[in-house]
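**Q** Heads up: the sequence shown runs through residues -21 to -1, 1 to 307, numbered per mature numbering (1 follows the signal peptide of the UniProt record, and there is no 0).
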Amino acid sequence: MKHKKLNAVMATLSLLSILTGCGTSSSINTPHTSSTVHVAYAGSLELLNNQFLGPAFEKSYHVHYQGQGGGSYGIAHEIVAGSIPANVFESIGYGPVKVLEPAKTSWAIAIASSPLVVAYNPHSRFAPELNQIRRGQKPLKDLFQLMAQNGFKLGRTNPNTDPQGQAFVMAIELAQKTYHLSPDIVSRILGPINTGGEIYTEEGILSLLQSGGLDASSAFLSEAVQRHLDYIMLPPTLNFSDPALASWYHSVHVTLSNGTVVYGTPLTIDVTTVGKPANPNAIQFVRFLLSKSGQSIFQHEGYHLFSPYVMGKSTALPQALRQELNHA
């Protein structure tokens, strides 16, 4: 009991010394986070931001990080409505950034990409065949025929709110063309495009897969790596990760519930500051993403790197970011 009381007294004294600026040398080295950067991101970037980029940024810049995620289009509309206090937006694809234009921003920087994969539960009754496809013991076209079977529980995200959901639909369309599959295989795999029972939230779909609620699910390679999932790689012609294949991706499209037609584009991670003029902390955060430290985190977590490039109105890019791009 005496030891507990002594520890409590010492803890109180330590707290008081820190608050009055008279702490030990260890408290002097503790970063002072007097300001905050608010980052809104696509739900698939949650682990990347909250576990890796955010903490590393705080340590390097002594600026507090706060993050919030969801479907890229849904998050973009919330930013416009003012319900999210974001000053940085990380989107999958440039389409959601356009929702913010012209009032909130007019540019974005494409930083990296993450290929689409098909993640699967190793305890699924279909796992033996999925394992054979993953190992190359069976052709990849068998994957699509397997997913079309009755009883196969496939998960995907909502194409109305999420670029991954859009791209997965179009990947199935490209697979049908590439492997000369039955014309009805797209509907057999996906069901109704916008209202199918296999549509789940981007934040919850992989947890459902891991718990056994699904046999397989659309995912990004980065998510599969971070969550230690079993997955099947798709070739660049189907995975929407290669900017050089933009015209091929553009050959397919998906029609959303409101009638909007979305054509395929590379699924790059596009980042922009939110608000004019740009918040200084937001500029610092984007600079960090472009730095060697930021890029090494992307690479380590399963993202594909390329030379970053500007989308939208390049003349509106803040000078500090233009300089950073020249050194990226």
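We treat Cβ as the ideally placed atom computed from N, Cα and C, and that holds for glycine.
Using only CA atoms, which one of F131, A87, P94 lies nearest to A108?
**A** For the record, residue 108 in the displayed sequence is Glu; it is not Ala. Answer by Cα proximity: F131.
**Q** For A257, name the three-state secondary structure that DSSP assigns.
**A** Correct three-state label for A257: coil.
**Q** With three or more beta-carbon pairs closer than 8 Å as the criterion, would you say the stretch 204 to 215 touches the stretch 161 to 174?
**A** no
**Q** Which whole runs of the alpha helix (DSSP H) in the stretch 20 to 49 are 4 residues long or more, in chain order?
**A** Listed in chain order, they are 33 to 40.
**Q** Kindly identify the DSSP beta-bridge partner or partners of V96.
**A** A198, M212
**Q** DSSP three-state label for I63, please.
**A** The answer is coil: DSSP assigns I63 none of H, G, I, E or B.
**Q** When you compare the CB of L109 with every CB in chain B, is at least one pair closer than 8 Å?
**A** Chain labels in this structure do not include chain B; a single protein chain is all it has.
**Q** Near R266, which residues of its chain fall below 8 Å by C-beta distance, leaving aside the five closest residues on each side in sequence?
**A** A299, L300, E303
**Q** Near C1, what residues of its chain come up, given a Cβ to Cβ distance below 7 Å and the 5 sequence neighbours on each side ignored?
**A** Here C1 scores only 38 on pLDDT, less than 50, and its place in the model is too uncertain to base an answer on.
**Q** Identify which residue in G74, P94, S190 has its Cα closest to the Cα of V204.
**A** P94
**Q** Please give me, in chain order, every unbroken run of the beta strand (DSSP E) with length at least 3 that falls completely inside the stretch 226 to 301.
**A** 232 to 234, 240 to 242, 247 to 252, 283 to 291
**Q** Have a look at K38, K120, A55 and flag the residue whose alpha-carbon is nearest the alpha-carbon of G22.
**A** That would be A55, whose Cα lies nearest to the Cα of G22.
**Q** Between N137 and the rest of its own chain, which residues show a CB-CB distance below 6 Å, the 5 nearest in sequence each way excluded?
**A** These residues qualify, in order along the chain: G144, I178.
**Q** To test your reading of the DSSP string, which unbroken alpha helix (DSSP H) runs of 4 or more residues are found completely within the stretch 97 to 139?
**A** 106 to 113, 120 to 126
**Q** Nearest-angstrom Cα distance between G281 and E202?
**A** 8 Å
**Q** Check whether the Cβ atoms of V97 and L187 sit closer than 8 Å, and answer yes or no.
**A** no
**Q** On the DSSP bridge list, what partners appear for E69?
**A** Y20, V250
**Q** Between which two residues does the alpha helix (DSSP H) harbouring L79 extend?
**A** 74 to 79
**Q** Whose C-alpha, out of G243, V42, L268, is nearest the C-alpha of I151?
**A** G243
**Q** With DSSP run on the structure shown, which of helix, strand or coil describes Y179?
**A** strand
**Q** Distance, Cα to Cα, Q124 vs Y158?
**A** 11 Å
**Q** Do you know how far the Cα of S70 is from the Cα of P245?
**A** 12 Å
**Q** In the DSSP assignment, find the alpha helix (DSSP H) that holds K83 and state where it starts and stops.
**A** Careful: K83 lies outside any alpha helix (DSSP H) and carries neither H nor E.
**Q** Consult DSSP for T174 and reduce its assignment to one of helix, strand or coil.
**A** Of the three classes helix, strand and coil, the one that applies to T174 here is coil, per DSSP.
**Q** Output the boundary residues of the alpha helix (DSSP H) element that contains A150.
**A** 142 to 157
**Q** Here's the rule I'm using: 16 or more other beta-carbon atoms within 10 Å means buried, otherwise exposed. How should V240 be labelled?
**A** exposed
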